[in-house]
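Enquirer: In my numbering, the protein residues as written are 41 to 127. We put the CB at the ideal spot given by N, CA and C, even for glycine. The structure presented is a predicted model; accordingly, all values stated were derived computationally and were not measured.
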Amino acid sequence: MVSLGQHILVQRLNKVNTAVNAKILTGLASLALKSSPTDFKSVLQVYNKMGTDAVWQDDVSIIRAVSHQELSLLSQSRRIIRANFLN
């Protein structure tokens with residue numbers, strides 16, 4: 041189900057406007073933490089593509105959204121790793 045949700049959100053990227061894209065990127069981050077490693081990797085690839093495109097288009101709001109969500113994923117995944125594997 042998580043994988044399906046991610047695919048649906050990715051399909052909706054760039055369909056409306058940058059504000060909606062930023063919300064979709066936030067949703068992808070929350071789903072990525074509950075997904076398989078393969079799906080997690082695909083979310084990171086989406087962030088990479090969106091971030092690169094945003095730099096080329098000088099879209100500051102998407103650059104901020106991507107950066108914020110990547111940092112959020114990093115800190116939350118570290119917390120999960122510590123809780124599950126380092127105790």
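1. Would you check if the distance between the CB atom of Ser101 and the CB atom of Ala62 is smaller than 8 Å?
2. Could you please give the first and the last residue of the uninterrupted alpha helix (DSSP H) stretch that includes Ser115?
3. Please report the residue range of the alpha helix (DSSP H) in which Asn57 lies.
4. Relative to the C-alpha of Phe80, which candidate in Phe125, Ala123, Ile120, Ser43 has its C-alpha closest?
5. Answer with buried or exposed for Val56, where buried requires no fewer than 16 other C-beta atoms within 10 angstroms of its C-beta.
Expert: Looking at the coordinates:
1. With respect to the 8 Å criterion, Ser101 and Ala62 are classified as neighbours on the basis of their beta carbons.
2. From DSSP, the alpha helix (DSSP H) with Ser115 extends over 100-125.
3. Per DSSP, Asn57 belongs to no alpha helix (DSSP H) and is neither H nor E.
4. If we check each option's Cα against that of Phe80, Ser43 comes out closest.
5. Val56 is exposed by the Cβ-count criterion.
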